[in-house]
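Undergrad:
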Amino acid sequence: MTNSQLTPGVVPGRLPAAAYRDHFADKEPAFDRHEAQVAADRCYFCHDAPCMTACPTSIDIPLFIRQISTGTPEAAAVTIWSQNILGGMCGRVCPTEQLCEEVCVREVAEGKPVEIGRLQRYATDSVMAKGVHPFARAARTGKTVAVVGAGPAGLSAAHRLAMHGHDVTIYDARRKAGGLNEYGIAAYKAPNDFAQAEIDWLMKIGGITVKTGKSLGRDISLDELRKAHDAVFLGIGLAGVNALRAEGEEKAMVRDAVDFIAELRQAADKSVLPIGRDVVVIGGGMTAVDAAVQSKLLGAENVTIVYRRTQDKMSASDYEQNHAASKGVRIITGAAPLRVHGDGAVREIEFAYTIEGPDGLALSSETFVLKADQVFKAIGQSLEGQPDALKLEGRKIAVTGAGRTSLPGVWAGGDCAAGGNDLTVTAVAEGRDAAEDIHASLMAKA
Amino acid sequence: MADLTSNFIGIKSPNPFWLASAPPTDKEYNVRRAFEAGWGGVVWKTLGSEGPPIVNVSGPRYGAIWGSDRRLMGLNNIELITDRPLEVNLREIKSVKRDYPDRALVISLMVPCDEESWKDILKRIEDTEADGVELNFGCPHGMAERGMGSAVGQVPEYIEMVTRWVKQYSRMPCIVKLTPNVTSILPPAMAAKRGGADAVSLINTVKSITNVDLDSFSPFPMIDGKGSHGGYCGPAVKPIALNMVGEIARHHETHGLPISGIGGVTTWRDAAEFLAMGSGNVQVCTAAMTYGFKVVQEMISGLSQYLDSKDMALDDLIGRAVPNFVEWQDLNLNYVTKARIDQDACIKCGRCYAACEDTSHQAIAMKPGRVFEVKDDECVACNLCVNVCPVENCITMEKLPLGALDERTGRKVEPYANWTTHPNNPMAVKAAE
Ligand SMILES: Cc1cc2nc3c(=O)[nH]c(=O)nc-3n(C[C@H](O)[C@H](O)[C@H](O)COP(=O)(O)OP(=O)(O)OC[C@H]3O[C@@H](n4cnc5c(N)ncnc54)[C@H](O)[C@@H]3O)c2cc1C
Ligand SMILES: Cc1cc2nc3c(=O)[nH]c(=O)nc-3n(C[C@H](O)[C@H](O)[C@H](O)COP(=O)(O)O)c2cc1C
Ligand code: SF4
């Protein structure tokens, strides 16, 4: 192909073949043994460690780092997994700069935290590479649990339930299990098909059946599931997307960032993916950053993120914003889209600067236009396809305690449930805690 | 998970990790929390005779040596035995043991060197239900000047005499804790054995001064401008302790005498080494004082993983290295190795070169482009380069096979032979003609 970064329109193959391999390789290479030792050595084994409190799954971080430093990463992995069965993925995708590493006493004192995420990855990788699954199933209880959604919340719940001896069936609407681990996380954070490898490893616990291509509401109903199983856990994430509400948003080449990312994640060969020369991403979160960075990595010449509020309100962390900037992404804040111009397909998009006032955000009369042959909307996902019988809180499934919904025998966790912060690690924590609650309630009945 | 259940001279504990007699075991509050954290047993902070309580200094008790990044490598203390009333300690011991029957609880004792004092204290502790006693013949400071602690531990006759009294007046298992502040650890260990000790534990702290304040010219820890020697412990003393443990474990007179290994145990690996060197269990003080009680959890997971990986039971590990701990004269003088530098791993710092060129055998060549290569005809295989190299496994020692030419000596590698038969040894045992 003869396309380059300067080719107009939305076309594939803007870069030489080798560049794709480079761009979508591991963002942060794995530690080797020596590097892990040096990094582990910096941990002070703090008392009542702040990092541990900051971790949504409460991993005993000082203990696992000490286990690495004494040459037993295998024991470290067990420490991690007993709290967070997707510790391998979390070590790769957690915004540690906003979680454990942000409160590391060495971050506070020196601005240089212990590299907890990378150490976590080192420990879990070292066991997974050997194909060892260190947990065993308890004796079968004869109880069965339906888990809807094979994302982090559902997988975490399923593993814990199976470990307690229950038989679990996971239903997922998509073709592959993994949820956003498989379809959402930036490609360079979990290359080499890590999401599927981790699921295969997790399934070694036994007692879990996965049924993909089964959608709740379309192929199965909540009533059926409640009749056929002793309990139901819903981890259906946020399947819907918010609308832009800008004039002309239906024009071609204006699409949801999550769909673009899902497509990108599923493409084995990234060079076949068409990408615009001028890409505009609208939004201020992790999805916006990931869509923008990956557009750039696919060879877009100009990529701009436009966020409607001030920069400090962006939910993407400073670290992620810097990462985007380092890849050449431009970030404009305080501007909202007015209308999409173009003949069939988008050609440019018009924005108005915003004014943050006591009554919320207002549009100013000052406007500008950005050239765009492709626009990605990353303004948030929303709950979709949840059973009508469930009470909602705001726009999510209402839960009390460890994920109990308004229906008896039905639990929910992860992005679809009210109260979380839409992170992989939080979904894992909620799935685990709901599983413990389900287990306790099933055993109390028995 | 390997079974770590330990049986040391009939005292059972869920794992072989005990807290040594020291501040971590000075009161009920601590010991309960230690047990909750997972410690298999404790040796209660040393009790003295009834009477006015011991008086400690009210200024600093500790001096310390740090590695880079302020890792605590050695700790020195001038603390005495418990300064809490005997009554209170005994009441607390009883209460803890009642609530933790599966954990080991041993009482450490130090009273004046007369029969009545020992008879009396043993009676006082009788109904605590403790699992055993440890005789503290070790503390090198404060109590020694009063004729106790290491003042007893340095005189084998006293050790034997007191041990005999203890065995006569008590049915409890008796561990004799030895001081390293002696020229040889064997006479004290033999004396303990003769006196009827069920086991020895070692080491107590090493007489030491960690540093001198260069403004006030006082040794440290400094109390009002003066300092006195203290007892050294922590990672720095481990090599001293390992040797002493091994000496007792291998000597024909003391071989088989159970040993509780103490001194610098900080990780599972240290513990495993003490066990291999002949200890039946280990005791820990400084690591707990540096990192808190939780540190035992790494020791438990690590030892368990190690045993599993070796497919060994705890008892299989105990003493495994003892047969390999030999005298210099028994080493194979025909064992020839050469240093090998892995050029891919080398980061070209040149430390191996400086060490060998300046202080050893000029056996490393520095070639253009900072390439370092070993000269086989000069390398004596001292392994200094290995130890100064900052990259693990970059320099390794390669064994020359039987019959290969040692370029340094010009001789072929021959089968095992040691100093006892070496031609240069005037005392060599001549093979029968
Ligand atoms: C682009 C993007 C990047 C992200 N990057 C990060 C990151 O770097 N770090 C981080 O911590 N978090 C990140 N997140 C957030 C994180 O991915 C989510 O918080 C997490 O995946 C939530 O897990 P979950 O199990 O609740 O839902 P999901 O992962 O969304 O899984 C839900 C599953 O339910 C299935 N499902 C939905 N509806 C139905 C139905 N009706 N019937 C059957 N199955 C159904 C879906 O197919 C899916 O498999 C990112 C999110 C996005 C969108
Ligand atoms: C502050 C302090 C007080 C100690 N007090 C006692 C004691 O009362 N009785 C005793 O037998 N040993 C005492 N010890 C010695 C320890 O029990 C142990 O033998 C020594 O510290 C070596 O072990 P370590 O390197 O794990 O610290 C004390 C050590 C320290 C640091
Ligand atoms: S550790 Fe510090 S605070 Fe605690 S008693 Fe000693 S000097 Fe005081």
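Top to bottom, those sequences are chains A and B. Numbering-wise, the working numbering comes out as the position in the first sequence, counting from 1, plus 2. Numbering-wise, the working numbering comes out as the position in the second sequence, counting from 1, plus 399. Where is the CB? At the ideal position from N, CA and C, for every residue including glycine. Quick caveat, the model's predicted, so the values are computed rather than measured.
Hey, out of B:Cys684, B:Phe724, B:Ile740, whose CA is closest to Trp438 of chain B's CA?
TA: The residue you call residue 438 of chain B lines up with position 39 of the second sequence. Per the Cα distances, B:Cys684.
Undergrad: Residue range of the beta strand (DSSP E) that Ser659 of chain B falls in?
TA: As a working mapping, residue 659 of chain B is identified with position 260 in the second sequence. From DSSP, the beta strand (DSSP E) with Ser659 of chain B extends over 658-661.
Undergrad: Mind checking which residues open and close the beta strand (DSSP E) that includes Ile524 of chain B?
TA: Sequence index remark: in the second sequence, residue 524 of chain B carries index 125 (1-based). No beta strand (DSSP E) contains Ile524 of chain B, which is instead part of the alpha helix (DSSP H) from 514-524.
Undergrad: According to DSSP, is Pro618 of chain B helix, strand or coil?
TA: To locate residue 618 of chain B, count along the second sequence from 1; it is residue 219. Reduced to three states, the DSSP call for Pro618 of chain B is strand.
Undergrad: State the DSSP-derived secondary structure class of Ile440 of chain A, mapped to helix, strand or coil.
TA: Position 438 of the first sequence, counted from the start, is the residue given in the question as residue 440 of chain A. Ile440 of chain A: helix per DSSP, three-state reduction.
Undergrad: Can you tell me which residues form a DSSP beta bridge with Met765 of chain B?
TA: Position 366 of the second sequence, counting from 1, holds the residue named residue 765 of chain B. Beta-bridge pairing links Met765 of chain B to B:Phe771.
Undergrad: Look at the alpha carbon of Thr126 of chain A and the alpha carbon of Gly626 of chain B, and state the distance between them as a whole number of angstroms.
TA: On the first sequence, position 124 is the one that residue 126 of chain A refers to. On the second sequence, position 227 is the one that residue 626 of chain B refers to. Taking the straight line from one Cα to the other gives about 50 Å.
Undergrad: Indicate the three-state DSSP secondary structure (helix, strand or coil) for Asn535 of chain B in the structure shown.
TA: As a working note, residue 535 of chain B is residue 136 in the second sequence. Strand, per DSSP.
Undergrad: What's the call for Gly546 of chain B, buried or exposed, on a 16-neighbour Cβ count within 10 Å?
TA: As a working mapping, residue 546 of chain B is identified with position 147 in the second sequence. Exposed, since its Cβ has fewer than 16 Cβ neighbours within 10 Å.
Undergrad: Name the residues in the stretch 209-221 of chain A whose C-beta lies less than 7 Å from a C-beta of chain B; which are they?
TA: Correct list: empty, as no residue qualifies.
Undergrad: If you draw a straight line from the alpha carbon of Gly440 of chain B to that of Ala32 of chain A, how long is it in whole angstroms?
TA: Numbered from its first residue, the second sequence carries residue 440 of chain B at position 41. Numbered from its first residue, the first sequence carries residue 32 of chain A at position 30. Roughly 40 Å between the two C-alpha positions.
Undergrad: So, for Glu832 of chain B: in the same chain, excluding its five sequence neighbours on each side, which residues have a beta-carbon less than 7 Å away from its beta-carbon?
TA: Along the second sequence, one-based indexing puts residue 832 of chain B at 433. Note that Glu832 of chain B scores 48 on pLDDT, short of 50, meaning its location in the model is unreliable and no value can be drawn from it.
Undergrad: Residue range of the alpha helix (DSSP H) that Gln1 of chain A falls in?
TA: The structure shown has nothing for residue 1 of chain A, since chain A only spans 3 to 448.
Undergrad: For Lys693 of chain B, count neighbouring C-beta atoms within 10 Å of its own C-beta (all shown protein chains included) and say buried if the count is 16 or more, exposed if not.
TA: Here the question's residue 693 of chain B lines up with position 294 in the second sequence. Answer is buried; the Cβ neighbour count reaches 16.
Undergrad: Could you pull the DSSP bridge partners for Trp465 of chain B from this structure?
TA: Counted from its first residue, the second sequence places residue 465 of chain B at position 66. B:Leu471.
Undergrad: Ala816 of chain B and Asn733 of chain B: beta carbons closer than 8 Å?
TA: In the second sequence, the residue the question calls residue 816 of chain B occupies position 417. In the second sequence, the residue the question calls residue 733 of chain B occupies position 334. It is a contact, given that the beta carbons lie within the stated cut-off.
Undergrad: Any Cβ of chain B within less than 8 Å of the Cβ of Leu65 of chain A?
TA: For the purposes of this step, residue 65 of chain A is taken as the residue at position 63 of the first sequence. Cβ-Cβ to chain B under 8 Å: yes for Leu65 of chain A.
Undergrad: Identify each residue in the stretch 44-57 of chain A for which the Cβ-Cβ distance to at least one residue of chain B is less than 8 Å, and report them in chain order.
TA: Residues passing the 8 Å Cβ filter: Arg44, Phe47, His49.
Undergrad: Residues in the stretch 659-690 of chain B with C-beta within 8 Å of chain A's C-beta atoms, listed in sequence order?
TA: From the stretch 659-690 of chain B, only Thr666, Trp667, Arg668, Tyr690 have a Cβ closer than 8 Å to chain A.
Undergrad: Determine the extent of the beta strand (DSSP E) in which Arg739 of chain B is found, giving its start and end residues.
TA: Position 340 of the second sequence, counted from the first residue, corresponds to residue 739 of chain B. Residues 736-740.
Undergrad: Please report the Cβ distance between Arg807 of chain B and Glu777 of chain B, rounded to the nearest whole angstrom; I am assuming they are in contact, meaning their Cβ atoms lie under 8 Å.
TA: Translated into the one-based positions of the second sequence, residue 807 of chain B becomes position 408. Translated into the one-based positions of the second sequence, residue 777 of chain B becomes position 378. Right, their Cβ atoms sit about 6 Å apart.
Undergrad: Find the residues of chain B that neighbour Thr335 of chain A, judging by a C-beta separation of less than 9 Å, and give them in chain order.
TA: The residue given as residue 335 of chain A occupies position 333 in the first sequence. Simply none; closest approach about 40 Å.
Undergrad: Quick check on the DSSP output: the alpha helix (DSSP H) that includes Pro389 of chain A runs from which residue to which?
TA: Taking the first residue of the first sequence as 1, we reach residue 389 of chain A at position 387. Careful: Pro389 of chain A lies outside any alpha helix (DSSP H) and carries neither H nor E.
Undergrad: Quick check on DSSP: helix, strand or coil for Leu240 of chain A?
TA: Residue mapping note: residue 240 of chain A aligns to position 238 of the first sequence, counting from 1. Three-state DSSP puts Leu240 of chain A in coil, outside helix and strand.
Undergrad: Quick one: does Lys747 of chain B have its CB under 8 Å from some CB of chain A?
TA: Stepping through the second sequence from its first residue, residue 747 of chain B is reached at position 348. Not an interface residue.
Undergrad: Apart from the five residues on each side of it in sequence, which residues of its chain come closer than 6 Å, Cβ to Cβ, to Val430 of chain A?
TA: Residue 430 of chain A sits at position 428 when you count from the first residue of the first sequence. The residues are Thr59, Asn86, Leu88, Pro154, Ser158.
Undergrad: I'd like to know if Arg341 of chain A contacts chain B, where contact means its C-beta is closer than 8 Å to some C-beta of that chain.
TA: The residue you call residue 341 of chain A lines up with position 339 of the first sequence. So no, Arg341 of chain A is outside the interface.
Undergrad: Just checking Pro154 of chain A against ligand 1 - is the residue's beta carbon closer than 7 Å to any of the ligand's heavy atoms?
TA: Indexing the first sequence from 1 puts residue 154 of chain A at position 152. Yes - ligand 1 has a heavy atom lying nearer than 7 Å to the Cβ of Pro154 of chain A.
Undergrad: Which residues of chain A have a Cβ atom closer than 8 Å to the Cβ of Gly655 of chain B, listed in chain order?
TA: Within the second sequence, residue 655 of chain B is the residue found at index 256, counting from 1. Chain A residues near Gly655 of chain B: none, gap ~31 Å exceeds 8 Å.
Undergrad: Looking at the structure shown, is Glu99 of chain A part of a helix, part of a strand, or coil, going by DSSP?
TA: Locating residue 99 of chain A in the first sequence gives position 97, where the first residue counts as 1. Looking at Glu99 of chain A - three-state DSSP - the assignment turns out to be helix.
Undergrad: Using a beta-carbon distance below 8 Å, is Asn72 of chain A in contact with chain B?
TA: Within the first sequence, residue 72 of chain A is the residue found at index 70, counting from 1. The displayed chain sequence assigns Thr, not Asn, to residue 72 of chain A. Yes, its Cβ sits closer than 8 Å to a Cβ of chain B.
Undergrad: Between the C-alpha atoms of Ser217 of chain A and Thr55 of chain A, what's the straight-line distance to the nearest angstrom?
TA: Here the question's residue 217 of chain A lines up with position 215 in the first sequence. Here the question's residue 55 of chain A lines up with position 53 in the first sequence. The alpha-carbon atoms of Ser217 of chain A and Thr55 of chain A are separated by roughly 36 Å.
Undergrad: Please go through the same chain and pick out, in chain order, the residues whose beta-carbon is closer than 8 Å to the beta-carbon of Asp501 of chain B, but skip the five residues on each side of it.
TA: Locating residue 501 of chain B in the second sequence gives position 102, where the first residue counts as 1. Contacts found: Lys411, Ser412, Pro413.
Undergrad: Is any beta-carbon of chain A found at less than 8 Å from that of Glu367 of chain B?
TA: Since the first and last residues shown for chain B are 400 and 832, residue 367 of chain B lies out of range.
Undergrad: If you check the beta carbons only, do Cys418 of chain A and Gly237 of chain A fall under 8 Å apart?
TA: Taking the first residue of the first sequence as 1, we reach residue 418 of chain A at position 416. Taking the first residue of the first sequence as 1, we reach residue 237 of chain A at position 235. Yes.
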